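Visitor: Here's a structure for you.
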Amino acid sequence: MDLLADETGHEPALAEARNHVQQCPECAGELAELAATMAALDAWEAPEPSPYFHARMSALLREERAAAPAGFFERLKTRLLFGSNVQLRPVAVGALALLLLIGGGTYAGLMSTTPAPAHTSATIQDLQSLDENQAVFQQLNALDQQDTEIDNAPAANNSL
């Protein structure tokens, strides 16, 4: 049996591979080992199954049919453990994308914080609040007018 036989009709590639194997001792040794393995497999004969194999397999199949159907979580566990999980790849990709968006947004939010305003003294804050509050000014003016009226009023002589 020729291990470098080509049934696809690519003769130029086959000739190039044979030429390489003839010139490369490592590849020639690998091809010889592969040929020995194939010869050993050709000489191997599969053992005959036990005469009771079919009877035991039929009994196992009957037991499986008679058993209660598996619950939802048991089927899910079996599918996740022994299934190919190809159908879960889009879900995993979506979850990873969502995680990256949340993480990136959080990072961007933390990096773009506004600086804290400069601390101003209490006196300046009081003056600013007074400037903003016109009603306070009116009340203070009214109190000042009352004080000046009291100060300017003639003092009554109350002698005892």
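Reading the sequence shown from the start, the letters are residues 18 to 177 in our numbering. Quick reminder that beta carbons are idealized off the backbone N, C-alpha and C, glycines included. Bear in mind the structure is a predicted one, so any value in this text is a computation, not a measurement.
(1) Would DSSP call Ala56 helix, strand or coil?
(2) So what's Asn102 in DSSP terms, helix, strand or just coil?
(3) From Lys94 to Gly126, what distance separates their C-alpha atoms?
(4) If we ignore side chains and look at the alpha-carbon of each, how far apart do Gly88 and Asn102 end up?
(5) Can you tell me the Cα-Cα spacing of Tyr124 and Ala85, whole angstroms?
Guide: With the structure as the only source:
(1) Judged by DSSP in its simplified three-state form, Ala56 adopts helix.
(2) Looking at Asn102 - three-state DSSP - the assignment turns out to be coil, as it is neither helix nor strand.
(3) 39 Å
(4) 19 Å
(5) 51 Å
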